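Undergrad:
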Amino acid sequence: MDHSTHFPDRFKGQVAIVTGGADGLGKAIASRLGAEGASLALFDRNAVLLEKTAQEFRASNIPVQTYTLDISQEEAVKQAVEQTVADFGKIDVVVHSAGIVGPTSTNITHYATADFEKVLAINLFGSFLITKYAVSHMAERQYGRILLIASIAGKEGNPGMVGYSVSKAGVIGLVKAIAKEYATAGITVNGLAPAVIKTAMNADTAPEQLAYMTAKIPMGRLGEPDEVAAMASFIVSPENSFSTGFVYDISGGRATY
């Protein structure tokens with residue numbers, strides 16, 4: 178089911194970085210931004226999938242450049258952001274969607290410390306790094322829209338997923354703090370907290386974990402990537418100008434605060 182009504186000129190002349198852009202939510206959001214006029218800088222660690230996605234977008238006449246990197250590595254993020262500015266001349270929008278789930282249905286006593294560190298490195302440290310290097314460029318131009326993809330797990334905590342829940346709670350804290358630092362700089366920093374969305378990332382989630390999470394959604398179904406893309410597109414648009422430091426809900430009624 179396609180929920181989208183595109184606004185073809187909404188991002189005309191704008192440049193958007195989308196991390197995790199090769200697949201899943203990142204790809205869905207990038208597709209929407211591109212359809213609405215944005216030039217795309219796609220960041221992902223999967224070079225093969227990244228190139229495949231870029232070719233799809235180019236076939237729709239969307240300008241795309243690809244950057245293969247690990248979002249948790251500072252130097253790589255710094256260089257990719259600098260290269261994006263060199264390639265496109267500026268950055269207007271950042272949607273940070275790169276993330277991993279880590280272990281599921283795993284009690285904290287069995288949750289490997291190495292796994293905890295890895296999930297935090299990618300989900301939380303990655304959010305810190307992309308924000309750090311993008312926002313400094315945006316501040317020079319006094320305009321920017323940053324959207325960090327959080328999760329309902331960050332608000333409520335999903336048992337059996339301590340690393341993921343903690344990392345996404347951290348992302349929410351990052352959104353609130355950085356938004357206030359740049360509130361008078363023409364830059365908004367917001368979050369989006371989905372419940373479970375139908376993506377490849379969740380295909381590996383244990384069935385009982387998925388059932389637990391779906392049961393908590395009042396609408397009784399998983400979200401669709403294009404529903405997330407529609408909301409993300411609005412959040413990072415020029416018209417959404419008086420909302421910052423907020424974590425938007427897209428959870429089928431699970432979170433109503």
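Taking my numbering, the leading residue of the sequence shown gets 178, the next gets one more, and so forth. Even for Gly, the Cβ is constructed at its ideal location relative to N, Cα and C. If you're wondering where the values come from, they're calculated on a predicted model, not measured in any experiment.
According to the neighbour-count rule (16 or more other Cβ atoms, all chains shown, within 10 Å of its Cβ), is histidine 273 buried or exposed?
TA: buried
Undergrad: Is the region 191–209 touching the region 225–232, taking contact as three or more C-beta pairs under 8 Å?
TA: Judged by Cβ distances under 8 Å, the region 191–209 makes contact with the region 225–232, as three or more pairs qualify.
Undergrad: Kindly give me the distance between the Cβ atoms of arginine 209 and serine 414, rounded to whole angstroms, as I take these residues to be in contact under 8 Å.
TA: So it is not a contact: roughly 11 Å between Cβ atoms.
Undergrad: The alpha helix (DSSP H) spanning valine 343 covers which residue range?
TA: Run containing valine 343: 339–358, per the alpha helix (DSSP H) assignment.
Undergrad: Please work out which residues of its chain come closer than 6 Å, Cβ to Cβ, to alanine 356, disregarding the five sequence neighbours upstream and downstream, and give them in chain order.
TA: Val366, Thr421, Gly422
Undergrad: By Cβ distance, which residues of its chain are closer than 8 Å to alanine 289, with the 5 residues on each side in sequence left out?
TA: Pro280
Undergrad: Which one of Glu385, Pro371, Lys267 has the shortest CA to CA distance from proline 402?
TA: Ranking Glu385, Pro371, Lys267 by Cα distance to proline 402 puts Pro371 first.
Undergrad: Helix, strand or coil for valine 373 per DSSP?
TA: coil
Undergrad: Drop a sphere of 10 angstroms on the beta-carbon of isoleucine 248, count the other beta-carbons inside from all chains shown, and report buried for 16 or more, exposed for fewer.
TA: Flag for isoleucine 248 reads buried.
Undergrad: Would valine 352 pass as a contact of leucine 325 if the rule is Cβ separation under 8 Å?
TA: yes
Undergrad: Tell me the rounded alpha-carbon separation between asparagine 223 and glycine 347.
TA: Approximately 25 Å between the Cα atoms of the pair.
Undergrad: In three-state terms, what does DSSP make of phenylalanine 419?
TA: Phenylalanine 419: coil per DSSP, three-state reduction.
Undergrad: Take isoleucine 364 and list the residues in its own chain whose beta-carbon comes closer than 6 Å to its own, dropping the five residues that flank it on each side.
TA: Met315, Gly321
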